[in-house]
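*Asks:* Below are the structure tokens for one structure; questions will follow.
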């Protein structure tokens, strides 16, 4: 069964949580006891937004503050739904929730022209390179299901959208409240003959087969004479050597899920035994070609910590399992939730691959040296040598 | 969790110790299974007593019909973390269990008092997990965060993992509550004169304290039958079985803020 991670975003009150609730309700994924509780809270009609607002503060303020995860399963797919906050001050939570998803459902309010926060969310989709964007024009019931309104919103969004070639766009007019075009097809909008949101999700093809990519192994730790690692991409074949700097690695003993194996698939965790363990270290990447050594790079960051004044400061950089000290020369003040390009100087090189930088797969977080809080997340845009 | 840990480190042994926070209200079957698991897999285990932690703090036993020590587990857990100098506790919590859990990170940071602060959690973009802590702090780690109850059972079936017998149908003497919930009859329940004891074919969907985990009527005697049953059930896991979460909508969030797992 394939797993598809989907997140919803859009401005405050555009109906994100209601949409997720509707998706779960109409696909029969809400238990009767939970539905009973929601119906009581909604005064006779289920209050779908309360399904994902799991924290006291969220319920008392009536907004989503942090990411919530919900699950449902169809015949062939397990969906992990990530409900992300709409408020500007929680953009960082939205960025983190979106980072790992293949599909974004962006909600646009049919009643309103596109707003600054929606524009920011679309910008983040572009930054993260989310593969599929479903743009759902919601609250169509409130505009008399008018085709003209749908077209108007489409024109507005197209004017600001700047997607990469491999990003796909799907437009759907919906009413999350009334359940039009979420799971069930619409009766109210005969001018729309395309798929519902669920049909659209079901039609999204599985991710490109990473088996065909060049094999790449990340070392995650060395413990009691064994090395533990993860196959980041490609198929690891113990008969083929892996390379890093001037060294080569010929695997002697490899275990996958506790079983001696000669191959490992993308995503597999492996245990390696052999005489070469002492040359392996946490955070290294071994590839069919040797990785580049990167000590200075430009990253596009989402700032998640408190505001920072201009100046030089140091953070702990984390890339996969690798940790380095990163020095940042901040030219201007950076505020929470800002998306900004920044140059990082590293205390020691990290292993990177050009192809993975182009694919937006070289990602980092920055950690505060004192509090250990995660203060930024970002994608390496280029290596500066 | 033990099975996953074994696979993660195999062929080497699991490099950490198991910890059991024992409320004293465990089912006998649970304890038997625990001891067998430790023995057959050659593991080490530390057991810490909730009753002792309560005694230390002069917390009296709850004087209610179902005197659950569930919330008091946090005290024993926090004591154990301090005593054993634990930096990370790995547990089987899942996001589909409860709406507060649905908000929790995979690496859930706890401060020096063991407190969870849900409004300042560390973001986990691309599953990049930040387990860095200062002395006295700890992280709770939930590798199964994105698994559902059904995922767990499918995995158990695939890997043929041994389970306590409580998960499968058996005859049990139960107290039937007015809403139909079936509580295992046990020495800790304070029976009222109006209570009805019934003998039923039941199983447990979660295994917690005898005093707060309800059984469900079930004929499922094998993993395959449990999976079939779960595919048909209309009730959520905790809604069907947990008295402690029926009391308040924020039950789990509040317990977690106080250091609960």
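Chains as they are written, first to last, in my numbering: chain A, 39 to 423; chain B, 17 to 277. No residue lacks a Cβ here, since even glycine has one placed at the ideal position from N, Cα and C. Keep in mind that this is a model prediction, so the values were computed, not measured.
Applying the 10 Å Cβ sphere with the 16-neighbour rule, what's the burial state of residue 120 (chain B)?
*Replies:* Mapped onto the second chain, residue 120 (chain B) falls at position 104. With 16 or more Cβ atoms within 10 Å of its Cβ, residue 120 (chain B) is classed as buried.
*Asks:* Given a cut-off of 8 angstroms on the beta-carbon distance, is the pair residue 162 (chain A) and residue 117 (chain A) in contact?
*Replies:* As a first step, residue 162 (chain A) must be located in the first chain, where it is residue number 124. As a first step, residue 117 (chain A) must be located in the first chain, where it is residue number 79. Result no, Cβ atoms of residue 162 (chain A) and residue 117 (chain A) do not sit closer than 8 angstroms.
*Asks:* According to DSSP, is residue 64 (chain A) helix, strand or coil?
*Replies:* What you label residue 64 (chain A) is simply residue 26 of the first chain in a count that begins at 1. Correct three-state label for residue 64 (chain A): helix.
*Asks:* Name, in chain order, the residues that DSSP records as bridge partners for residue 377 (chain A).
*Replies:* Position 339 of the first chain holds residue 377 (chain A). Per DSSP, A:340.
*Asks:* Please give me, in chain order, every unbroken run of the alpha helix (DSSP H) with length at least 4 that falls completely inside the stretch 109-183 of chain A.
*Replies:* Runs found: 129-137, 154-166.
*Asks:* Touch check for the stretch 92-109 of chain A and the stretch 50-69 of chain A: three-plus C-beta pairs under 8 angstroms?
*Replies:* Yes: at least three Cβ pairs fall under 8 angstroms.
*Asks:* Say whether chain A places a C-beta atom closer than 8 angstroms to the C-beta of residue 178 (chain B).
*Replies:* As a working mapping, residue 178 (chain B) is identified with position 162 in the second chain. False, the Cβ-Cβ gap to chain A never drops below 8 angstroms.
*Asks:* The alpha helix (DSSP H) spanning residue 238 (chain A) covers which residue range?
*Replies:* Start at 1 with the first residue of the first chain, and residue 238 (chain A) comes out as number 200. 235-241 is the span of the alpha helix (DSSP H), which, as asked, contains residue 238 (chain A).
*Asks:* Select from the stretch 64-84 of chain A all residues with a C-beta closer than 7 angstroms to any C-beta belonging to chain B, and list them in chain order.
*Replies:* Listed by position along the chain: 69, 70, 71, 72.
*Asks:* In chain B, which residues lie less than 8 angstroms from residue 104 (chain A) when you measure between Cβ atoms?
*Replies:* Residue numbering aside, residue 104 (chain A) sits at position 66 when the first chain is read from its first letter. 119, 134, 135, 137, listed in chain order.
*Asks:* For a contact meaning CB atoms closer than 9 angstroms, what does residue 419 (chain A) contact in chain B?
*Replies:* The residue given as residue 419 (chain A) occupies position 381 in the first chain. Result: empty, since nearest Cβ-Cβ is about 16 angstroms, beyond 9 angstroms.
*Asks:* Going by DSSP, what residue range makes up the alpha helix (DSSP H) through residue 394 (chain A)?
*Replies:* Position 356 of the first chain, counted from the first residue, corresponds to residue 394 (chain A). Residue 394 (chain A) -> alpha helix (DSSP H) spans 392-396.
*Asks:* Can you confirm whether residue 112 (chain B), when its beta carbon is compared against all beta carbons of chain A, has any partner nearer than 8 angstroms?
*Replies:* Along the second chain, read from residue 1 onward, the residue named residue 112 (chain B) stands at position 96. Yes, residue 112 (chain B) counts as interfacial toward chain A.
*Asks:* Quick check: what's the CA-CA separation for residue 183 (chain B) versus residue 241 (chain B)?
*Replies:* Looking up residue 183 (chain B) in the second chain gives position 167. Looking up residue 241 (chain B) in the second chain gives position 225. Answer to the nearest angstrom: the Cα atoms are 11 angstroms apart.
*Asks:* Kindly indicate which three-state DSSP category residue 222 (chain A) falls into: helix, strand or coil?
*Replies:* For this step, residue 222 (chain A) is matched to residue 184 along the first chain. It is coil, neither helix nor strand.
*Asks:* For residue 230 (chain B), is the classification buried or exposed, using 16 other Cβ atoms within 10 angstroms of its Cβ as the cut-off for buried?
*Replies:* For this step, residue 230 (chain B) is matched to residue 214 along the second chain. Classification of residue 230 (chain B): buried, given that the 10 Å Cβ count is 16 or more.
*Asks:* Can you tell me whether residue 298 (chain A) is buried or exposed? The criterion is at least 16 other CB atoms within 10 Å of its CB, across all chains shown.
*Replies:* Looking up residue 298 (chain A) in the first chain gives position 260. Exposed: under 16 other Cβ atoms inside 10 Å.
*Asks:* Hey, does residue 307 (chain A) have any beta-carbon neighbour from chain D nearer than 8 angstroms?
*Replies:* Among the chains of the structure shown, chain D does not appear; the protein chains present are A and B.
*Asks:* Using C-beta distances below 8 angstroms, list every residue in its chain close to residue 411 (chain A), excluding the 5 sequence neighbours before and after it, in chain order.
*Replies:* Along the first chain, read from residue 1 onward, the residue named residue 411 (chain A) stands at position 373. Around residue 411 (chain A): 343, 405.
*Asks:* Should residue 341 (chain A) go down as buried or exposed, given a rule of 16 or more other Cβ atoms within 10 Å for buried?
*Replies:* The residue labelled residue 341 (chain A) in the question sits at position 303 within the first chain. So residue 341 (chain A) counts as buried.
*Asks:* Would you tell me roughly how many angstroms separate the C-alpha atoms of residue 179 (chain B) and residue 238 (chain A), rounded to the nearest one?
*Replies:* By one-based count along the second chain, residue 179 (chain B) stands at place 163. By one-based count along the first chain, residue 238 (chain A) stands at place 200. Taking the straight line joining both Cα atoms gives about 40 angstroms.
*Asks:* How many angstroms separate the CA atom of residue 207 (chain B) from the CA atom of residue 81 (chain B)?
*Replies:* Indexing the second chain from 1 puts residue 207 (chain B) at position 191. Indexing the second chain from 1 puts residue 81 (chain B) at position 65. Cα to Cα, residue 207 (chain B) sits roughly 7 angstroms from residue 81 (chain B).
*Asks:* Hey, is residue 281 (chain A)'s beta-carbon within less than 8 angstroms of any beta-carbon in chain B?
*Replies:* If you number the first chain from 1, residue 281 (chain A) lands on position 243. So no, residue 281 (chain A) is outside the interface.
*Asks:* Report the rounded CA-to-CA distance for residue 201 (chain A) versus residue 174 (chain A), giving the unit in angstroms.
*Replies:* Counting from 1 along the first chain, the entry for residue 201 (chain A) is found at position 163. Counting from 1 along the first chain, the entry for residue 174 (chain A) is found at position 136. So the two alpha carbons sit approximately 17 angstroms from each other.
*Asks:* Given that a residue counts as buried once 16 or more other Cβ atoms are within 10 Å of its Cβ, and exposed if not, what is residue 51 (chain B)?
*Replies:* For the purposes of this step, residue 51 (chain B) is taken as the residue at position 35 of the second chain. The residue is exposed, with fewer than 16 neighbouring Cβ atoms inside 10 Å.
*Asks:* Put residue 272 (chain B) into one of helix, strand or coil per three-state DSSP.
*Replies:* Position 256 of the second chain, counting from 1, holds the residue named residue 272 (chain B). Reduced to three states, the DSSP call for residue 272 (chain B) is helix.
*Asks:* When the Cα atoms are used, what is the spatial distance from residue 233 (chain A) to residue 153 (chain A)?
*Replies:* Here residue 233 (chain A) refers to the residue found at position 195 when the first chain is read from its first residue. Here residue 153 (chain A) refers to the residue found at position 115 when the first chain is read from its first residue. For residue 233 (chain A) and residue 153 (chain A), the distance between alpha carbons rounds to 26 angstroms.
*Asks:* Assuming contact is defined by CB atoms lying nearer than 8 angstroms, are residue 263 (chain A) and residue 320 (chain A) in contact in what I supplied?
*Replies:* What you label residue 263 (chain A) is simply residue 225 of the first chain in a count that begins at 1. What you label residue 320 (chain A) is simply residue 282 of the first chain in a count that begins at 1. Cβ distance not < 8 angstroms, so residue 263 (chain A) and residue 320 (chain A) don't count as in contact.
*Asks:* Can you find the residues in the same chain that come closer than 6 angstroms, C-beta to C-beta, to residue 155 (chain A), ignoring five residues on each side of it along the sequence?
*Replies:* On the first chain, position 117 is the one that residue 155 (chain A) refers to. Cβ within range, chain order: 49, 126.
*Asks:* Residue 144 (chain B) CB to nearest chain A CB: under 8 angstroms?
*Replies:* Translated into positions along the second chain, residue 144 (chain B) becomes position 128. Yes - at least one Cβ of chain A is within 8 angstroms of the one on residue 144 (chain B).
*Asks:* By how many angstroms is the C-alpha of residue 374 (chain A) removed from the C-alpha of residue 347 (chain A)?
*Replies:* Taking the first residue of the first chain as 1, we reach residue 347 (chain A) at position 309. Taking the first residue of the first chain as 1, we reach residue 374 (chain A) at position 336. The straight-line gap from Cα to Cα measures roughly 12 angstroms.
*Asks:* Ends of the beta strand (DSSP E) at residue 324 (chain A)?
*Replies:* Here residue 324 (chain A) refers to the residue found at position 286 when the first chain is read from its first residue. 323-325 is the extent of the beta strand (DSSP E) around residue 324 (chain A).
*Asks:* Less than 8 angstroms between the C-beta atoms of residue 105 (chain B) and residue 156 (chain B), yes or no?
*Replies:* Position 89 of the second chain, counted from the start, is the residue given in the question as residue 105 (chain B). Position 140 of the second chain, counted from the start, is the residue given in the question as residue 156 (chain B). Closer than 8 angstroms, so yes.
*Asks:* So does the stretch 308-325 of chain A actually touch the stretch 207-223 of chain A, counting three or more Cβ pairs closer than 8 angstroms?
*Replies:* No, the stretch 308-325 of chain A is not in contact with the stretch 207-223 of chain A.
*Asks:* Near residue 112 (chain B), what residues of its chain come up, given a Cβ to Cβ distance below 6 angstroms and the 5 sequence neighbours on each side ignored?
*Replies:* Here residue 112 (chain B) refers to the residue found at position 96 when the second chain is read from its first residue. Closer than 6 angstroms at the Cβ level, and outside the excluded window around residue 112 (chain B), lie 164.
*Asks:* State the CB to CB distance for the pair residue 191 (chain B) and residue 166 (chain B), rounded to an integer number of angstroms; the pair is presumed to be in contact (CB under 8 angstroms).
*Replies:* Position 175 of the second chain, counting from 1, holds the residue named residue 191 (chain B). Position 150 of the second chain, counting from 1, holds the residue named residue 166 (chain B). With 8 angstroms as the limit, residue 191 (chain B) and residue 166 (chain B) do not qualify as a contact, their Cβ atoms being about 29 angstroms apart.
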